[in-house]
Amino acid sequence: MSKRTLINLGIFSFIALMSFAGIWSVITRNSNCLNSELSEEPASIHLQNNNDVETAKRIVLQTKEDIDDWEQKISLFSSESAWSGWATKIKIIPSSNVTFFSHIENPILISAETETTVFLLVRNGWKLPHTLRIITLLEFQPTSVVLANGSESNFYDLLDMAPQEDRVFVFTLPNLSQGFHQLSILLVADPESVSFDKEYRLLQQKSFNEQRFDLWAGLEKPPANTPYFASAAIGQSAASRVGGIEFVSLSGNQNVLKPQTFRSGDKICATLRLIITKGDTYEESIPLRIGIFWNDKLEQILDYKLPPRAFDNLSLTIKVQIPQHSGNYQFNAVLFTFPGYSQFDSVTERTGYPLGAFTQRVIVEATP
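Position 233 of the sequence shown, counted from 1, bears residue number 244 in this note's numbering, the numbering being contiguous throughout.
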């Protein structure tokens with residue numbers, strides 16, 4: 012359990028598009044400004060040589076099954092689309108994935124307390140060049156990327172990726188204790204964009220993506236106390252309950268696509284809308300984690316339990332602290348559904364389909 016005191020309170024759909032346009036009304040379930048907790052001190056991942064793409068591709072695409080899987084992934088993206096997607100494939104070395112697990116990406120069996128290298132192969136599936144920012148989280152807490160010169164960053168950028176270009180992000184995880192762990196990789200397109208065009212911001216928002224990997228360190232199945240779904244049908248119904256998240260207002264200002272100005276260090280109330288649908292099978296409460304990011308660094312966390320019969324559009328108002336240092340910031344929130352849930356049952360069948368959903372990116376100026 013985290014040292015923080017938790018507050019108990021995946022797939023942008025057409026519903027999200029409609030709500031973004033203001034067609035849906037906002038129903039405020041809790042008018043109080045809820046306190047979020049500070050994130051923990053980041054763990055460190057160490058950057059490896061990311062320049063030798065062909066060598067890394069040979070590692071990731073070792074077998075015919077790997078190659079076939081990659082070809083299937085890249086075939087899903089139209090090279091003529093201005094906004095299509097990022098094709099990715101991951102390989103972890105050393106891995107204990109054998110027999111049943113030998114050709115799958117998730118779950119990943121690794122040795123406990125052993126240095127582990129992650130190879131992430133990425134293709135820009137669009138017809139236009141884009142920069143991709145990669146953010147990694149362990150147990151939904153921040154990590155810092157240690158560069159070759161010893162400096163640290165909150166993310167890693169693959170700059171100006173040409174259409175249909177492949178790049179790699181290779182890094183070493185910290186030694187993980189025996190048990191169940193989760194690695195979350197966030198993909199953010201054009202992170203430094205300051206465009207205020209509404210259509211662009213919506214398409215950019217829809218392109219953001221979370222990829223979640225279950226790491227079984229020194230295990231052949233998750234511990235007995237790890238929550239999971241009893242069947243794929245239940246897991247899919249649970250995943251369909253939450254369709255997205257977006258900012259409604261910041262300190263009462265609903266024009267969130269325009270630059271916002273606040274005094275550095277102040278605390279404001281940010282209202283978020285959760286896009287909720289009725290599940291046809293899953294009628295239990297849904298654990299959520301909302302992460303607050305400033306310049307793509309996870310700074311604050313709110314854990315919230317969505318009631319079984321939540322409103323179709325549920326708004327939460329969260330207390331957010333403006334950064335202490337003056338300057339311009341990219342501000343957004345990310346919603347993680349079912350954090351800590353195994354995506355697989357005890358017999359390795361896929362039963363969980365968690366969602367990571369992103370708000371719009373808001374440009375905020377923090378003034379002295």
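All C-beta atoms, glycine included, are put in the ideal place defined by N, C-alpha and C.
Per DSSP, which residues does residue i bridge with? Please list them.
i, result
"Ile-196", "Thr-147 and Gln-222"
"Trp-97", "Asn-135"
"Ser-260", "Thr-282"
"Gln-271", "Val-375"
"Asn-46", "Lys-330"
Where residue i and residue j are concerned, what is the direct C-alpha to C-alpha distance, given to the nearest angstrom?
i, j, result
"Tyr-340", "Asn-306", "6 Å"
"Pro-389", "Gln-152", "Since the first and last residues shown for the chain are 12 and 379, residue 389 lies out of range."
"Arg-212", "Pro-270", "13 Å"
"Ser-357", "Gln-332", "41 Å"
"Glu-126", "Leu-187", "8 Å"
"Ala-228", "Ile-119", "8 Å"
"Ser-89", "Trp-81", "15 Å"
"Asn-266", "Ser-162", "37 Å"
"Gly-302", "Ser-164", "18 Å"
"Arg-144", "Lys-102", "19 Å"
"Pro-238", "Gly-190", "13 Å"
"Asn-343", "Pro-233", "32 Å"
At which residues does the beta strand (DSSP E) containing residue i begin and terminate?
i, result
"Trp-305", "297-305"
"Lys-316", "308-317"
"Ala-54", "54-58"
"Gly-338", "338-348"
"Thr-183", "177-184"
"Ile-119", "119-121"
Quick one: what does DSSP say residue i is sitting in, helix, strand or coil?
i, result
"Ser-326", "strand"
"Ile-70", "helix"
"Ala-249", "helix"
"Gly-367", "strand"
"Arg-372", "coil"
"Glu-210", "helix"
"Gln-189", "coil"
"Lys-232", "coil"
"Val-205", "coil"
"Asp-163", "Residue identity check: residue 163 is Glu in the sequence provided, not Asp. It is a strand residue."
"Val-358", "coil"
Mind checking residue i: buried by the 16 CB within 10 Å criterion, or exposed?
i, result
"Ser-86", "exposed"
"Ala-250", "buried"
"Ile-38", "Here the model assigns Ile-38 a pLDDT of 34, short of 50, so the residue's position is not dependable and the matter cannot be decided."
"Leu-214", "exposed"
List the endpoints of the continuous alpha helix (DSSP H) containing residue i.
i, result
"Gln-152", "No alpha helix (DSSP H) contains Gln-152, which is instead part of the beta strand (DSSP E) from 152-157."
"Asp-168", "That residue, Asp-168, is in no alpha helix (DSSP H); its beta strand (DSSP E) goes 167-172."
"Ile-78", "75-86"
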